[in-house]
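Participant: Protein chains in written order, with numbering that gives the first Met the number 0: chain X, 0 to 263; chain A, 0 to 316. Before we start, here is the structure in question, set down as structure tokens.
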Amino acid sequence: MSWRNELLAVWAVTLRNALMGARNVFFFFELLFWPIVGVLSIGLMSRFLELTEAQASFVLVGTIALSVVNVCQLEVAYAVLLDVWSKSLKHQFLAPIGIRHLTLGSWVVGMVRSLAVFVLLAALGRWAFGFHVLQPGWFALAMFLLGCFLTAWVVGVAVCALITLFGNRAEAFAWATVNMVLVLAGIYYPISVLPDSIAAIARAIPLTYFLDAYRSHYGFASEFRAPIATGLALSALYAALAHWAFLAAIHRARRTGLLLKMSE
Amino acid sequence: MVSFLGMLAIDARDVEKTFRSGWPRRRETQALRGVSLTVERGAIVGVLGPNGAGKTTLLSILATLLTPDRGTVMVLGHDVVREAGALRRRLNMASGRPSFLWSLRVAEIIAFYGRLYGLSGAALRRRVDGLIELCELGPYRRVPYSDLSTGLKQRVALAKSLVNDPELLFLDEPTLGLDPDVSVRVRAHIARLRREQGITIVLTTHYMREADELCDEIAFIKGGRILARGTPGELKRQIRLGEVIALRLDPARVPWLAEIPGVLRCVELDGWVECTVDEAEKRLPELLRALHADGVVIRNVQVREPELEEVFVELAK
């Protein structure tokens, strides 16, 4: 396949997901309603608990990361979910399309949407709670967002693999998996407060390192020696594993007939 | 007409497929039990059979949507398992129960699949416009898929299936649920695709008239095995259902007709007496002589082969 055709296939999926997103009301709730509710409630809670400015920033970073990762990973999961819901999965896999096109195309839309969510929440955080996302500087912010996007890609592709492996009944994974990952990654607390066994799992999650690196600019000492490099390395490893798992799940679905069953 | 006489589009040998489901008690369904099928390029072949016979499983294997457990399947010279990627660019499929993303508009659906096959810019626009015109979807090009009727959805599926100019087209019950006039147009279109573009077409259908009208060859499949194959005419002869001599007589009832040697059975239907005979050419003069001798007035005579539907019923028993 030529580069032109590779890009065209990715663009086709990007355009498809963008059009679907623009025309369905539940996407609006994902994009605006829940993220705004999250930042407002956590921000108000931090005010009620009289947290210091640094502590409030700590939990707001977690809240914003939650929304950014959630919106982006759901979009990646839509690579398969949209076709499962519309029962058009077989048309998708009858075409000369690879899972790289599906996941990359969806990821592009996911990044754009979650970036929009980030800008909105950053503005809200600044206006309502005096939280400044650019305090750590542009590079730190870019690394933080990259970490969120990479985590979202890994989780989204893993969800795609689970749905292709177990069928429609695995849809709940799309919403549940990311929350499990975020809880373990220390979304509202440093992972040092977790029991040792759970903290060991948390150290295996890339987002843990990206959160740590970003929060270190708000006055919290980093728990790791090279958090960004570790986060990137772990992301690359999981991205490869998730891609392989999705590929294997598609092969299995072609063998078991699940691909057809999900189109009926 | 494009001719590929003698070249095989499909060469499937001893294909087996078993589906396993259920937990903890495993259930096994043997969908295909050693199916062999060859299809010449440029032919229209019908795969007929009762529900659960294995038609869709066979089509799905040929279209790379399923992998066979055993056997070899070569389609357009590619192995369906090892060279599926290259093969997918050259074939396409339309289903009688189509489904696409509900919010996308007709033109967007066709364009989406067009891009997956490497079309862009002016070439994509021309292809989308051409298919919309071909499938008479002009007034609906900006209508969301969920707002279309069943017939229009099927036309979208047909348009999508032609977006890559396929050399091989699989049609899974292409006229299911369509109004008769639309079915006629779809059938005419399928025939034109073969005639003008030389596309090889493999279709499944429940409508015997459709198979009779369109197919060069028919394969009857039941219980995962191909029970019979041949041209519609060959199949009718192969099953030995006999031929039908239909007579309009005065008086309308002639009870002794069924007793004439070679007459297998006689039934009255809408003022006609339909006699199934072993060989119409031999029995027609004998019947006419006997009726004339008895003073019966013969107002009309028709000789016809049995309907393919009767062959289907016989094979499906």
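By construction, the Cβ of each residue, glycine as well, lies at the ideal position given by its N, Cα and C atoms. Computed from a predicted structure; not experimentally measured.
Just reading off the beta strand (DSSP E) that A210 (chain A) is part of, what are its end residues?
Facilitator: For this step, residue 210 (chain A) is matched to residue 211 along the second sequence. Here A210 (chain A) belongs to no beta strand (DSSP E); instead the alpha helix (DSSP H) covers M207 to L213.
Participant: What separation, rounded to the nearest whole angstrom, lies between the Cα atoms of A122 (chain X) and L118 (chain A)?
Facilitator: The count along the first sequence starts at 1 and reaches residue 122 (chain X) at position 123. The count along the second sequence starts at 1 and reaches residue 118 (chain A) at position 119. Roughly 41 Å between the two C-alpha positions.
Participant: Just reading off the alpha helix (DSSP H) that F28 (chain X) is part of, what are its end residues?
Facilitator: As a first step, residue 28 (chain X) must be located in the first sequence, where it is residue number 29. Counting along the chain, F28 (chain X) falls outside any alpha helix (DSSP H), and DSSP gives it neither H nor E.
Participant: Nearest chain X C-beta to L64 (chain A) closer than 8 Å, yes or no?
Facilitator: Taking the second sequence and counting its residues from 1, one reaches residue 64 (chain A) at position 65. Chain X contact via Cβ: present.
Participant: Where does V36 (chain X) land, buried or exposed, given buried means 16+ other C-beta within 10 angstroms?
Facilitator: Taking the first sequence and counting its residues from 1, one reaches residue 36 (chain X) at position 37. Classification for V36 (chain X): exposed.
Participant: Can you tell me whether L4 (chain A) is buried or exposed, with buried defined as 16 or more other CB within 10 angstroms of its CB?
Facilitator: As a first step, residue 4 (chain A) is located in the second sequence; it is residue number 5 there, counting from the start. In this predicted model, L4 (chain A) has a pLDDT of only 49, less than 50, meaning its place in the structure is not dependable; the value taken from the coordinates is given anyway. The residue in question, L4 (chain A), is exposed, as its Cβ has fewer than 16 Cβ neighbours within 10 Å.
Participant: Does the CB of R26 (chain A) have a neighbour CB from chain X at under 8 Å?
Facilitator: Residue numbering aside, residue 26 (chain A) sits at position 27 when the second sequence is read from its first letter. No, R26 (chain A) does not count as interfacial toward chain X.
Participant: Does the Cβ-Cβ distance between G124 (chain X) and L80 (chain X) come in under 8 Å?
Facilitator: Indexing the first sequence from 1 puts residue 124 (chain X) at position 125. Indexing the first sequence from 1 puts residue 80 (chain X) at position 81. No, the pair does not count as a contact, with Cβ atoms beyond the cut-off.
Participant: List the endpoints of the continuous alpha helix (DSSP H) containing K260 (chain X).
Facilitator: In the first sequence, counting from the first residue as 1, residue 260 (chain X) sits at position 261. From DSSP, the alpha helix (DSSP H) with K260 (chain X) extends over L257 to K260.
Participant: Along the segment 202–222 of chain A, what residues have a CB closer than 8 Å to any CB found in chain X?
Facilitator: Within the segment 202–222 of chain A, no residue qualifies.
Participant: Write down the C-beta distance between V300 (chain A) and I244 (chain A) rounded to the nearest angstrom, noting that I regard them as a contact closer than 8 Å.
Facilitator: Counting from one through the second sequence, the residue named residue 300 (chain A) turns up at place 301. Counting from one through the second sequence, the residue named residue 244 (chain A) turns up at place 245. Confirmed, Cβ separation roughly 7 Å.
Participant: Starting from I96 (chain X), find everything on chain A with Cβ-Cβ shorter than 8 Å and list it in chain order.
Facilitator: On the first sequence, residue 96 (chain X) is found 97 positions in, with the first residue counted as 1. Simply L115.
Participant: Express the C-alpha separation of P254 (chain A) and R264 (chain A) in angstroms, rounding to a whole number.
Facilitator: To locate residue 264 (chain A), count along the second sequence from 1; it is residue 265. To locate residue 254 (chain A), count along the second sequence from 1; it is residue 255. Answer to the nearest angstrom: the Cα atoms are 11 Å apart.
Participant: Sort X:L183, X:G155 and X:H131 by Cα distance to K172 (chain X) and report the nearest one.
Facilitator: The residue given as residue 172 (chain X) occupies position 173 in the first sequence. According to the sequence provided, residue 172 (chain X) is Phe. The question's Lys does not apply to it. Per the Cα distances, X:G155.
Participant: Tell me the rounded alpha-carbon separation between G229 (chain A) and G241 (chain A).
Facilitator: Locating residue 229 (chain A) in the second sequence gives position 230, counting from the first residue. Locating residue 241 (chain A) in the second sequence gives position 242, counting from the first residue. Answer to the nearest angstrom: the Cα atoms are 17 Å apart.
Participant: Taking 8 Å as the threshold (C-beta atoms), are V181 (chain A) and G150 (chain A) in contact?
Facilitator: As a first step, residue 150 (chain A) must be located in the second sequence, where it is residue number 151. As a first step, residue 181 (chain A) must be located in the second sequence, where it is residue number 182. Closer than 8 Å, so yes.
Participant: Below 8 Å on the Cβ atoms is my contact criterion, and I expect A238 (chain X) with W152 (chain X) to pass it. Report the Cβ-Cβ distance as a whole number of Å.
Facilitator: Along the first sequence, read from residue 1 onward, the residue named residue 238 (chain X) stands at position 239. Along the first sequence, read from residue 1 onward, the residue named residue 152 (chain X) stands at position 153. Sure, about 6 Å apart at Cβ, within 8 Å.
Participant: If contacts are defined as beta-carbon pairs under 8 Å, then R154 (chain A) and R32 (chain A) qualify, I think. What distance do you get, rounded to the angstrom?
Facilitator: In the second sequence, residue 154 (chain A) corresponds to position 155, counting from 1. In the second sequence, residue 32 (chain A) corresponds to position 33, counting from 1. That pair is no contact at about 36 Å.
Participant: In chain order, which alpha helix (DSSP H) runs of at least 4 residues are fully inside the segment 42–72 of chain A?
Facilitator: Correct list: 54–61.
Participant: Between R112 (chain X) and chain A, is any beta-carbon pair separated by less than 8 Å?
Facilitator: Here residue 112 (chain X) is taken as the residue at index 113 of the first sequence, counted from 1. It does not: the Cβ of R112 (chain X) has no partner Cβ on chain A nearer than 8 Å.
Participant: Would you mind reading off the limits of the beta strand (DSSP E) that contains E258 (chain A)?
Facilitator: Along the second sequence, one-based indexing puts residue 258 (chain A) at 259. Taken as a continuous stretch (DSSP letters only), E258 (chain A) belongs to no beta strand (DSSP E), as it is neither H nor E.
Participant: Which chain X residues are close to M92 (chain A), counting only those with a beta carbon under 9 Å from its beta carbon?
Facilitator: Start at 1 with the first residue of the second sequence, and residue 92 (chain A) comes out as number 93. In chain order: K89, H90 and L93.
Participant: Measure the CB-CB distance between L136 (chain A) and A158 (chain A) and report whether it falls below 8 Å.
Facilitator: If you number the second sequence from 1, residue 136 (chain A) lands on position 137. If you number the second sequence from 1, residue 158 (chain A) lands on position 159. Yes, the Cβ-Cβ distance between L136 (chain A) and A158 (chain A) is below 8 Å.
Participant: Select from X:N23, X:V38, X:L101 and X:F165 the residue whose C-alpha is nearest the C-alpha of L6 (chain X).
Facilitator: Against the first sequence, residue 6 (chain X) aligns to sequence position 7. Selected option, being the one with the closest Cα: X:L101.
Participant: Counting only the same chain and skipping the five closest in sequence on each side, list residues whose C-beta sits under 8 Å from that of A115 (chain X).
Facilitator: As a first step, residue 115 (chain X) must be located in the first sequence, where it is residue number 116. Here the set comprises L30.
Participant: With 16 other CB atoms within 10 Å as the buried threshold, where does H131 (chain X) fall?
Facilitator: Looking up residue 131 (chain X) in the first sequence gives position 132. Exposed, since its Cβ has fewer than 16 Cβ neighbours within 10 Å.
Participant: Do P49 (chain A) and V14 (chain A) count as a contact pair if the criterion is CB distance below 8 Å?
Facilitator: Counting from 1 along the second sequence, the entry for residue 14 (chain A) is found at position 15. Counting from 1 along the second sequence, the entry for residue 49 (chain A) is found at position 50. No. Outside cutoff.
Participant: What residues of chain A sit near R253 (chain X), judged by a beta carbon separation below 7 Å?
Facilitator: Locating residue 253 (chain X) in the first sequence gives position 254, where the first residue counts as 1. Under the 7 Å cutoff, chain A gives L64, L65 and T66.
Participant: Based on Cα-Cα distance, which residue from A:H205, A:K235, A:D269 and A:V201 lies nearest to T37 (chain A)?
Facilitator: Position 38 of the second sequence holds residue 37 (chain A). Ranking the options by Cα distance to T37 (chain A), first place goes to A:V201.
Participant: Excluding the 5 residues preceding and the 5 following L120 (chain X) in the sequence, name in chain order all residues of the same chain whose CB lies nearer than 7 Å to its CB.
Facilitator: Taking the first residue of the first sequence as position 1, residue 120 (chain X) is located at position 121. If we look at L120 (chain X) and ignore the five residues flanking it on each side, its Cβ neighbours are P34, V38, I63 and S66.
Participant: Quick one: does E107 (chain A) have its CB under 8 Å from some CB of chain X?
Facilitator: On the second sequence, residue 107 (chain A) is found 108 positions in, with the first residue counted as 1. Yes, E107 (chain A) lies at the interface with chain X (some Cβ there is under 8 Å from its Cβ).
Participant: Using a C-beta to C-beta distance shorter than 9 Å, which residues of chain A count as neighbours of L258 (chain X)?
Facilitator: On the first sequence, position 259 is the one that residue 258 (chain X) refers to. By Cβ distance, chain A contributes S59, L64 and L65.
Participant: Keeping to the same chain, check which residues put their C-beta closer than 8 Å to that of S102 (chain A); ignore five residues upstream and five downstream.
Facilitator: Locating residue 102 (chain A) in the second sequence gives position 103, counting from the first residue. Once the five neighbours on either side are set aside, the close Cβ partners of S102 (chain A) are P143, Y144 and S145.
Participant: DSSP on M0 (chain A), reduced to helix/strand/coil?
Facilitator: Reading the second sequence from its first residue, position 1 is the one you call residue 0 (chain A). For M0 (chain A), the pLDDT reaches just 45, beneath the cut-off of 50, and the residue's location in the model is therefore unreliable, leaving the point undetermined.
Participant: In terms of residue numbering, what span does the alpha helix (DSSP H) encompassing E222 (chain X) cover?
Facilitator: For the purposes of this step, residue 222 (chain X) is taken as the residue at position 223 of the first sequence. Here E222 (chain X) belongs to no alpha helix (DSSP H), and DSSP marks it neither H nor E.
Participant: What residues from chain X crowd round L100 (chain A), counting only those whose CB sits closer than 9 Å?
Facilitator: Counting from one through the second sequence, the residue named residue 100 (chain A) turns up at place 101. Simply R15, L18, M19, L81, D82, W84, S85 and S87.
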